[in-house]
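Residue numbers (our numbering): 6 to 95. Before any comments, here is the structure.
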Amino acid sequence: MGYHEYWLTLGTDHEIYTDGSKINNQVRAAYVHYYNGTETGSCLIRLGNQNTDFMDEVMAVSKANDYYVDKNIRNSKVITDSRSTLLAIE
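Structure below.
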């Protein structure tokens, strides 16, 4: 599946890529922030084994949102491959 882009504001140099995974009952969520093509921040979050793949995708987008609010980034785009997450926050 290709990436679905959730645009917070068009015309930005900030991109935050998110992903979540559940492999062998280990659940993780992550994001990486790029500014003008250079990685400037990232985070890997370990979730409880009972969490679902959907929950880890939502957590990744949520933590990316917290990141750009904390960093006072006004114009950014969050890029995810989770269509269900985008539909849930729509």
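Using N, Cα and C, we set each Cβ at its ideal position, and we do this for glycine too.
Secondary structure within the region 21-73: not one fully enclosed alpha helix (DSSP H) run of 4 or more consecutive residues is present. Sequence-distant partners of G46 (beyond 5 residues in either direction) whose C-beta falls short of 6 angstroms from its own C-beta, in its chain, are H38. Residue range 88-94 is occupied by the alpha helix (DSSP H) that includes I94. V74 places its beta carbon 8 angstroms or farther from that of T23.
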